[in-house]
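Using the UniProt record's numbering, the first residue of the sequence shown is number 1, and each one after it goes up by one.
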Amino acid sequence: MDKRKQIKLKRELGYFWGVNFLIINIIGAGIFVSPKGVLEYSCMNVGVSLCIWAACAVLSMTSSLCFAEIGIAFPYSGAHYYFIKRCFGSLIAFLRLWTSLFTGAGIVASQALLLVEYGIQPFYPNCSVPNLPKKCLALAVLWIVGILNSRGVRELSWLQTGSTVLKMGILGFISLSGVFMLVRIKRENAGRLENAFDAEFPVISQLTEAFFQGYFAFSGGESFTYVAGELKKPNKTIPRCIFTVLPLVTVVYLLANISYLTVLTPREILSTDAVAIAWTDRVLPQLTWTVPFAISASLFSNLVISVLESGRVLYIASEQGQLPLMFSTLNVHSSPFIAVLLIISVGSIAIVLTNLYELINYLYFVDSIWTMLSMIGILKLRYQEPNLHRPYKVFLPFLFIAMTISLFLVLIPLVKSPKMHYIYVFLFLLSGLLFYVPLIHFKVKLVWFEKVTCYMQLLFNICIPDASEQQTSQLNDNDNNVGNDGAVIDDDNRRDGDEDNDGNGTVINIYLVLIFGISYTLLHYNPPPNSVS
Numbered sequence: 001m002d003k004r005k006q007i008k009l010k011r012e013l014g015y016f017w018g019v020n021f022l023i024i025n026i027i028g029a030g031i032f033v034s035p036k037g038v039l040e041y042s043c044m045n046v047g048v049s050l051c052i053w054a055a056c057a058v059l060s061m062t063s064s065l066c067f068a069e070i071g072i073a074f075p076y077s078g079a080h081y082y083f084i085k086r087c088f089g090s091l092i093a094f095l096r097l098w099t100s101l102f103t104g105a106g107i108v109a110s111q112a113l114l115l116v117e118y119g120i121q122p123f124y125p126n127c128s129v130p131n132l133p134k135k136c137l138a139l140a141v142l143w144i145v146g147i148l149n150s151r152g153v154r155e156l157s158w159l160q161t162g163s164t165v166l167k168m169g170i171l172g173f174i175s176l177s178g179v180f181m182l183v184r185i186k187r188e189n190a191g192r193l194e195n196a197f198d199a200e201f202p203v204i205s206q207l208t209e210a211f212f213q214g215y216f217a218f219s220g221g222e223s224f225t226y227v228a229g230e231l232k233k234p235n236k237t238i239p240r241c242i243f244t245v246l247p248l249v250t251v252v253y254l255l256a257n258i259s260y261l262t263v264l265t266p267r268e269i270l271s272t273d274a275v276a277i278a279w280t281d282r283v284l285p286q287l288t289w290t291v292p293f294a295i296s297a298s299l300f301s302n303l304v305i306s307v308l309e310s311g312r313v314l315y316i317a318s319e320q321g322q323l324p325l326m327f328s329t330l331n332v333h334s335s336p337f338i339a340v341l342l343i344i345s346v347g348s349i350a351i352v353l354t355n356l357y358e359l360i361n362y363l364y365f366v367d368s369i370w371t372m373l374s375m376i377g378i379l380k381l382r383y384q385e386p387n388l389h390r391p392y393k394v395f396l397p398f399l400f401i402a403m404t405i406s407l408f409l410v411l412i413p414l415v416k417s418p419k420m421h422y423i424y425v426f427l428f429l430l431s432g433l434l435f436y437v438p439l440i441h442f443k444v445k446l447v448w449f450e451k452v453t454c455y456m457q458l459l460f461n462i463c464i465p466d467a468s469e470q471q472t473s474q475l476n477d478n479d480n481n482v483g484n485d486g487a488v489i490d491d492d493n494r495r496d497g498d499e500d501n502d503g504n505g506t507v508i509n510i511y512l513v514l515i516f517g518i519s520y521t522l523l524h525y526n527p528p529p530n531s532v533s
């Protein structure tokens, strides 16, 4: 069969696509909206805040390089999930899948709502955006994103390029304008930078909080693990993209903060929720409307990529036998349509629910746990499988640094603000056992689901992907069970998973919405006040 006509996730994405992809993942709305967090917890010490931004960039680089080893050693779409399964077994991988399904859907829902809020806020200058139009537009945007993702990765290239140009153009304008004004116009403000360390020095607890405020602005370096199976020469492309993008983002972030401090005082920065809007209102009042537009465009591209990444996790989980077979099917555009459809559907339900943001914040805590396990897993495989083919190995001290950071990301919320909500999050995590034990461990099957899968194939014009060269080589070389790229594939697990796919995820599909609603209720339930006679 002609390789161009095969239905499979194809390795056709190169260096420039990877650069755009990583820029979109890292640069979100934060640099436009609230860079004040670092300055606030730095006690308005300008020098300390800028040093923290630089330190966050270096530490983010170490974490990104650790995830690069995962993506290069296991170059498959959804490699993060596969890596967890290989290191810690089927149960832990299923719990990772269980949480990622809801965090993924919740994240895309919150991004869609925030996108619409900034997009239509200029039409409501003196009041907040009403909920009904905001939610209706968010649903429309989310389904448009689903349609775009169903067209395949290649169709998203133009969107990625446009979004990258827009983001970097606006940030470049803010950065260079600030530097120009500092040198030529507002020289009196240079004193803030010349005496940058004269303010009160923050204590350790404040420095820690400031660091995490800045560190999250650099998150996204792990995103290559979701699309490693579609990159050309991932062992070269992934490190090159990381070493290109992160230094560039670091320079842009530092210059943007210097620009903000050139135009606005530290107190003015702390008094606004949208620093970029305040900056534009001071420099070019007639163009203030462009900042909400830029934020919306930035969030739209982030939303597209979030749906793409979440769909890849479901795809690889289905291939590994922990979701029904239809989630590993592709449409004619080589897109996992059913996986994308599930993410969009659950995200739509999340949009309809109110007060979603608190739920997302606590599920981010669960993501920090999986990041910590990933760092431990890299070290674990270094000693358990020293002969595993690794075209790239991260410098060992970098791994320990990233492991320490991920551990702090888990412990600090528990120590700083221990709440019962974390108990509910833990119970939510364990609720995945209700499905794992009967469906995965005991392999309960529902025969009628085969018919459902057939109907879905006919309805959506989807099919099981063609065997790749890598899979063919595994069938011909079962003795060593090593793929062409050097990574070891658990082929027996995949074959067993395919036999049981029809039953392994059926009930999960039925109760997804139910569990999401129960989790939401647990997190937001407030007992009614006692009646007064």
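For glycine and all other residues, C-beta sits at the position ideal for the given N, C-alpha and C.
Point to revise | Residue range of the unbroken alpha helix (DSSP H) whose run includes R184 | key: Taking the sequence shown and counting its residues from 1, the one referred to as residue 184 is at position 184. From DSSP, R184 is part of no alpha helix (DSSP H); its letter is neither H nor E.
Point to revise | Status (buried if at least 16 other CB within 10 Å, exposed otherwise) for A140 | key: Within the sequence shown, numbered from 1, the residue matching residue 140 stands at position 140. Around the CB of A140, fewer than 16 other CB atoms lie within 10 Å, so the residue is classed as exposed.
Review point. Taking buried to mean at least 16 other C-beta atoms within 10 Å of its own C-beta, is N461 buried or exposed?
Key: The residue you call residue 461 lines up with position 461 of the sequence shown. Exposed, by the Cβ-count rule.
Check your understanding: Does DSSP put S301 in a helix, a strand or coil?
Key -> Within the sequence shown, the letter at position 301 stands for residue 301. Helix, per DSSP.
Review point. For V58 versus F197, is the C-beta distance shorter than 8 Å?
Key: As a working mapping, residue 58 is identified with position 58 in the sequence shown. As a working mapping, residue 197 is identified with position 197 in the sequence shown. No, Cβ-Cβ distance for V58 and F197 is not below 8 Å.
Point to revise | Helix, strand or coil at L284 according to DSSP, with G and I counted as helix | key: On the sequence shown, position 284 is the one that residue 284 refers to. Coil, per DSSP.
Point to revise | According to DSSP, residues forming a beta bridge with V227 | key: Counting from one through the sequence shown, the residue named residue 227 turns up at place 227. Answer is S77.
Check your understanding: Just reading off the alpha helix (DSSP H) that E209 is part of, what are its end residues?
Key -> The residue labelled residue 209 in the question sits at position 209 within the sequence shown. That run of the alpha helix (DSSP H) goes I204 to Y215.
Review point. Is G178 near S259, with beta carbons less than 8 Å apart?
Key: Stepping through the sequence shown from its first residue, residue 178 is reached at position 178. Stepping through the sequence shown from its first residue, residue 259 is reached at position 259. Closer than 8 Å, so yes.
Review point. Going by the CB atoms, is the gap between L303 and P336 shorter than 8 Å?
Key: In the sequence shown, the residue the question calls residue 336 occupies position 336. In the sequence shown, the residue the question calls residue 303 occupies position 303. Going by C-beta atoms, P336 is not nearer than 8 Å to L303.
Review point. If you check the beta carbons only, do Y118 and I295 fall under 8 Å apart?
Key: The residue given as residue 118 occupies position 118 in the sequence shown. The residue given as residue 295 occupies position 295 in the sequence shown. Cβ distance < 8 Å, so Y118 and I295 count as in contact.
Review point. Among all the DSSP beta bridges, which residues are the ones paired with C241?
Key: Residue numbering aside, residue 241 sits at position 241 when the sequence shown is read from its first letter. Per DSSP, none; premise fails for C241.
Check your understanding: Using DSSP with H/G/I as helix, E/B as strand and the rest coil, what is C463?
Key -> Position 463 of the sequence shown holds residue 463. If DSSP states are grouped into helix, strand and coil, C463 belongs with the strands.
**Study point:** Q111: first and last residue of the uninterrupted alpha helix (DSSP H) it sits in
**Key:** Locating residue 111 in the sequence shown gives position 111, where the first residue counts as 1. Element bounds for Q111: S90 to I120.
Practice item. From the DSSP output, in three-state form, read off L330 for me. Key: Numbered from 1 along the sequence shown, position 330 holds the residue referred to as residue 330. If DSSP states are grouped into helix, strand and coil, L330 belongs with the strands.
Check your understanding: Could you give the C-beta distance for P239 and Y392, rounded to a whole number, given that I count them as a contact under 8 Å?
Key -> Locating residue 239 in the sequence shown gives position 239, where the first residue counts as 1. Locating residue 392 in the sequence shown gives position 392, where the first residue counts as 1. With a Cβ gap of about 6 Å, P239 and Y392 count as contacting.
Point to revise | Endpoints, the alpha helix (DSSP H) within which V340 is located | key: Taking the first residue of the sequence shown as 1, we reach residue 340 at position 340. Taken as a continuous stretch (DSSP letters only), the alpha helix (DSSP H) holding V340 covers F337 to V352.
**Study point:** Residue nearest to P35 in terms of C-alpha spacing, selected from I464, D273 and T62
**Key:** Your numbering for residue 35 matches position 35 in the sequence shown. Taking only the C-alpha atoms, the option nearest P35 is D273.
Exercise for review: Kindly indicate which three-state DSSP category L458 falls into: helix, strand or coil?
Suggested key: Residue mapping note: residue 458 aligns to position 458 of the sequence shown, counting from 1. Helix at L458.
Review point. Smallest Cα separation from F201: which of E40, L148 and R184?
Key: In the sequence shown, residue 201 corresponds to position 201, counting from 1. Cα-wise, what sits closest to F201 is E40.
Point to revise | When S77, M372 and L433 are compared against V227, the one with the closest alpha-carbon | key: Numbered from 1 along the sequence shown, position 227 holds the residue referred to as residue 227. Among S77, M372 and L433, the Cα nearest to that of V227 belongs to S77.
Review point. Could you give the distance in angstroms between the alpha-carbon of P125 and the alpha-carbon of S406?
Key: As a position in the sequence shown, residue 125 is number 125, starting the count at 1. As a position in the sequence shown, residue 406 is number 406, starting the count at 1. Looking at the two C-alpha atoms, the distance is approximately 41 Å.
Check your understanding: What residue does the alpha helix (DSSP H) around T404 start on, and which one ends it?
Key -> In the sequence shown, the residue the question calls residue 404 occupies position 404. Per DSSP, T404 belongs to the alpha helix (DSSP H) from L396 to K416.
Review point. Is L264 helix, strand or coil by DSSP?
Key: The residue labelled residue 264 in the question sits at position 264 within the sequence shown. Per DSSP, reduced to three states, the secondary structure at L264 is coil, with no helix or strand assignment.
**Study point:** Below-8 Å beta-carbon distance, L101 vs any chain B residue
**Key:** Within the model displayed, chain B is absent; a lone protein chain is all it includes.
Point to revise | Validate contact between the stretch 129-144 and the stretch 100-118 using beta carbons, cut 8 Å, 3 pairs | key: Yes, they touch.
Review point. Just checking, does the stretch 428-444 make contact with the stretch 87-98 on the three C-beta pairs under 8 Å criterion?
Key: By the Cβ test, the stretch 428-444 is in contact with the stretch 87-98, since at least three Cβ pairs between them sit closer than 8 Å.
Practice item. Would you grab the beta carbon distance between V249 and F212 for me? Rounded to a whole angstrom, and I think it's under 8 Å. Key: Stepping through the sequence shown from its first residue, residue 249 is reached at position 249. Stepping through the sequence shown from its first residue, residue 212 is reached at position 212. About 18 Å separates the two Cβ atoms, so there is no contact after all.
**Study point:** Cα-Cα separation, Y436 to L323
**Key:** Stepping through the sequence shown from its first residue, residue 436 is reached at position 436. Stepping through the sequence shown from its first residue, residue 323 is reached at position 323. Cα-Cα distance, rounded: 11 Å.
Review point. Beta carbon of F32, beta carbon of A276: below 8 Å?
Key: For the purposes of this step, residue 32 is taken as the residue at position 32 of the sequence shown. For the purposes of this step, residue 276 is taken as the residue at position 276 of the sequence shown. In this structure, A276 lies closer than 8 Å to F32 by Cβ.
Point to revise | Rounded straight-line distance, which links the Cα of A339 to that of Q457 | key: Counted from its first residue, the sequence shown places residue 457 at position 457. Counted from its first residue, the sequence shown places residue 339 at position 339. Looking at the two C-alpha atoms, the distance is approximately 13 Å.
Check your understanding: Which residues in the same chain have their Cβ closer than 6 Å to the Cβ of A138, if we skip the five residues on either side of it in sequence?
Key -> Position 138 of the sequence shown, counted from the start, is the residue given in the question as residue 138. Excluding positions up to five away in sequence, the list reads A112, L113, V116 and I351.
Point to revise | Beta-ladder partner(s) of L13, from DSSP | key: The residue given as residue 13 occupies position 13 in the sequence shown. Its beta-bridge partners are L231.
Point to revise | Secondary structure of L156, DSSP reduced to three states | key: Within the sequence shown, the letter at position 156 stands for residue 156. The answer is helix: DSSP assigns L156 an H, G or I state.
Review point. Just checking my contact of residue 557 with M44 at CB under 8 Å: how many whole Å lie between their CB atoms?
Key: This structure gives no information on residue 557, because the portion of the chain shown stretches from 1 to 533.
Point to revise | Simplified DSSP state of T250, which is helix, strand or coil | key: As a position in the sequence shown, residue 250 is number 250, starting the count at 1. Helix at T250.
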